[in-house]
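Have a look at the structure below before the remarks.
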Amino acid sequence: MIPKEIKKIQQATCRRTFFLLPTLDFYVLREFMIPFSVLMFAFTLLFLIGDIFNDLSDFLEYKASFQVTARYFIAKMPGNIRFVLPISVLLACMYTLANFGRNKEITAMRSSGLSLIRCGLAIFFVGFVVMLVNFWFNELLVPQTEQEAVLIREKLSNPKYEETMYRMLQYRSADKLRDWLFQNFDQNGVQHNVILKKYYFSAENDKILEWDLRAAQAKFDPKTGWHFYHAVRTMYHRTLHLPGNPEKIPELVIPTKEMPEQPEDIVNAVRPPEELPSWIIYNLLHDNASMVPTLRGMYETILYYRLAFPTVCFLCVFLGLPLAAKNERAGIFLSIITAVGVIVVYQLLTEIFLVLGKQGFVPPIVGGLTPTIVFLFYGWFFVVRKAG
């Protein structure tokens, strides 16, 4: 009998199904959650031990209290957990499926008409939930806890660090046409002793100073723009580039259309782009249409990477199922080695493409999404082969 006829008989006698199987799903879920929980605890503990070895000496040197020390290490944990989640999902998936394969349970499931995807439906569900949790970690929790950890550590040597962190704050607008200097910056209040320099680009693309402004106070109004009080503005000659006579202005209003930067934008620009939530990066790109291409490319690359990274948790299940099923006869050890190899290659490609995107060697969408898309198709290829 030819193979095609055998396949038709198998499909006619034992059709694959995708309906609910509570007993099977809860069994797979239970077998998956045990190694997943153990791995999460073990990896988190290892990261915690590493942080203690690296940072505990600083707290002992400054004789910090136990409460302050505990707050610091607790604040560091969410940043570690977001990296622990993907590898824990993948290794737990590999272990569970390889264990099923060793006991011939995968063979029994598939012989009863269940596809590989249907066998691991409960694991897919956990991977999807973990993906949402990881996205919440990246966008809401980690930026806050990382900032809190930095403040706690800096206050060890400088108790007034939080009060002085915005003194003599410098900011350059996204279009590179305005340079700010704030002696004391207040995100929600009035700025004092502000220096602003306005530039323009000549026909030869040279950056030339147009005017500079010194104001005793400055305040931003979302409706009208920037208000400068007790200001002195000095215009520069267009040809000779020499300063003219200073002009005293009791109140100078520059509308938002001419100067779109807001106090929140200035604070976000000071922070490293990697610490900004995705919606803030999106707002920076959307509200600054004249942003220079190099800076825009860096922000766009990080944005695409941020949107793709949480999907790794779901992608790990997508890869783990076929890899584990493929190695079910070879045992758990080979499955784990394969899983670690997949993660290492993925992380390596992610870092390489992230750097290429930031530096402008590849388009931002390529730098931010390529590794995830490649492994998505790689996983889909194996799933289709094994499910077929």
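Each number in the numbering used here corresponds to the 1-based position in the sequence shown with 718 added. The beta carbon of each residue, even a glycine, is placed where N, CA and C say it ideally should be. Being a predicted model, the structure only gives us computed values, none of them experimental.
Specify, as a first and last residue, the run of the alpha helix (DSSP H) that HIS1004 falls within. 996 to 1005
Using CA atoms only, rank isn't needed, just tell me which of LYS937, LEU739, PHE1095, ILE1020 is closest to GLY1085. ILE1020
Which residues in the same chain have their Cβ closer than 6 Å to the Cβ of ILE1083, if we skip the five residues on either side of it in sequence? The residues TYR1022, in chain order, have a CB closer than 6 Å to that of ILE1083 in the same chain once the five nearest residues on each side in sequence are set aside.
By Cβ distance below 6 Å, which residues in the same chain neighbour GLU979 in space, the five residues on each side in sequence not counted? Closer than 6 Å at Cβ, skipping near neighbours: SER891.
With a floor of 4 residues, list each alpha helix (DSSP H) that falls wholly inside the stretch 810 to 838, ordered by position along the chain. 823 to 829, 834 to 837
Just list the residues that DSSP pairs ASN902 with in beta bridges. ARG885, HIS910
PRO1011 versus PHE938 - alpha carbon distance: Answer to the nearest angstrom: the Cα atoms are 27 Å apart.
Runs of beta strand (DSSP E) lying entirely within the stretch 914 to 978, each at least 3 residues, in chain order: 925 to 939, 943 to 953, 965 to 972
Using beta-carbon positions only, say whether PHE714 and VAL848 come within less than 8 Å of one another. As shown, the chain starts at 719 and ends at 1106. That puts residue 714 outside it, with no answer to give.
Assigned exposure category for ASN783 - 16 Cβ within 10 Å defines buried: Sequence inspection shows Ser at residue 783; the Asn mentioned does not correspond to that position. By the neighbour-count rule (16 or more Cβ atoms within 10 Å), SER783 is not buried but exposed.
Per DSSP, which residues does ASP897 bridge with? Please list them. ARG890, LYS915
Quick one: is VAL1030 buried, meaning 16 or more other Cβ sit within 10 Å of its Cβ, or exposed? buried
State whether the stretch 885 to 903 contacts the stretch 915 to 935, with contact taken as three or more CB pairs (one from each stretch) at a distance under 8 Å. yes
Between VAL1033 and TYR1017, which are expected to be in contact by the criterion C-beta below 8 Å, what is the C-beta distance as a whole number of angstroms? Note that residue 1033 is Leu in the sequence shown, not Val. In fact, because the Cβ distance is near 24 Å, the residues do not count as touching under 8 Å.
Backbone CA spacing between GLY962 and ASP893 [nearest angstrom]: Going from the Cα of GLY962 to the Cα of ASP893 covers about 25 Å.
Out of curiosity, what's the CA-to-CA distance linking GLY1106 and SER833? Because GLY1106 sits at a pLDDT of 49, beneath the cut-off of 50, its placement in the model cannot be relied upon, and the following sentence gives the value as read from the coordinates. Taking the Cα positions, GLY1106 is about 8 Å away from SER833.
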